[in-house]
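Just below is one structure, and these are the notes that go with it.
In this note's numbering, the protein residues as written are 109 to 335.
Here it is as structure tokens:
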């Protein structure tokens, strides 16, 4: 049960880490149909400035990393409110990464224990975790499809104080990370999680051959202990 419950959260955190990179930012910016900046950023400028924000989420720098950035005009790239929101996001992301490390340790211990005690236990636990993850992501996809705007709003309201995450369309954060970017990110996370689920389901599907092999290993193990 512990391995099965850890699997969905750990998979989600790992997917978020892979998405929160300048590489995905460039992929999203460069895909056909991504909206251009209507306030003047060129594509190279947008990628450069956007990468600063993504890098900030994954490094150990303080708020001055963003507050010290300047536009070519000499004005600050981010307002105080934008910097504070990025600090809030960084704290949330940092907590998720720490949680991911803890969950990874728990998963390794759980897999080691099952491998030592129960033949086929690792396969069954991961298979159950994959099914649980699939059910969770299906529910989230349905909620997002039914109303992306409401889903996006409720997500932010859950983690951030009211009034700290809404900005003007002319603010740098919105220009660098428009709504389409977040939709692309959600799709990217879903694709990565689904890829992990499919890999686990294929490798751990409880076929008759696998169940029989596990039964024979467990009997052999019990016989060895008895002697």
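Virtual Cβ for every residue (Gly too), placed ideally from N, Cα, C.
A quick note: this is a predicted structure, and the numbers were derived from the prediction, not measured.
Measure the C-alpha to C-alpha separation of residue 335 and residue 319 and round it to an integer number of angstroms.
With a pLDDT of only 40 at residue 335, under the threshold of 50, the placement of this residue in the model should not be trusted; the figure read from the coordinates follows. Cα-Cα distance, rounded: 24 Å.
Which one or two residues does DSSP pair with residue 184 in a beta bridge?
178.
Around the C-beta of residue 207, are 16 or more other C-beta atoms found within 10 angstroms, so that it is buried, or is it exposed?
With fewer than 16 other Cβ atoms within 10 Å, it is exposed.
Nearest-angstrom Cβ-Cβ length linking residue 205 and residue 125, presumed shorter than 8 Å
Residue 125 and residue 205 do touch by the CB rule: their CB atoms are close to 7 Å apart, below 8 Å.
Could you name the residues of the same chain whose beta carbon sits closer than 7 Å to that of residue 196, not counting the 5 residues immediately before and after it, in chain order?
Around residue 196: 268, 272.
Mapping DSSP to helix, strand and coil, what is residue 124?
If DSSP states are grouped into helix, strand and coil, residue 124 belongs with the helices.
Only counting the same chain, and skipping five residues up and downstream in sequence, which positions put a Cβ closer than 8 Å to that of residue 314?
Within the same chain, residue 314 has close Cβ partners 231, 232, 235.
Residue 193 versus residue 263: straight-line alpha-carbon distance, rounded
Rounded to whole angstroms, residue 193 to residue 263 spans 14 Å at the Cα level.
Could you tell me whether the stretch 160-174 touches the stretch 297-308, using the rule of 3 or more Cβ pairs below 8 Å?
Verdict: no, contact absent.
So, is residue 185 buried or exposed, given that buried needs 16 or more other C-beta atoms within 10 angstroms?
Burial call: buried.
Mapping the DSSP letters down to three states, classify residue 232 as helix, strand or coil.
For residue 232, the three-state secondary structure derived from DSSP is helix.
Tell me the DSSP secondary structure of residue 118 in three-state form.
Correct three-state label for residue 118: helix.
From what residue to what residue does the alpha helix (DSSP H) around residue 146 run?
For residue 146, no alpha helix (DSSP H) encloses it, and the DSSP letter there is neither H nor E.
Using three-state DSSP, classify residue 280 as helix, strand or coil.
Three-state DSSP puts residue 280 in a helix.
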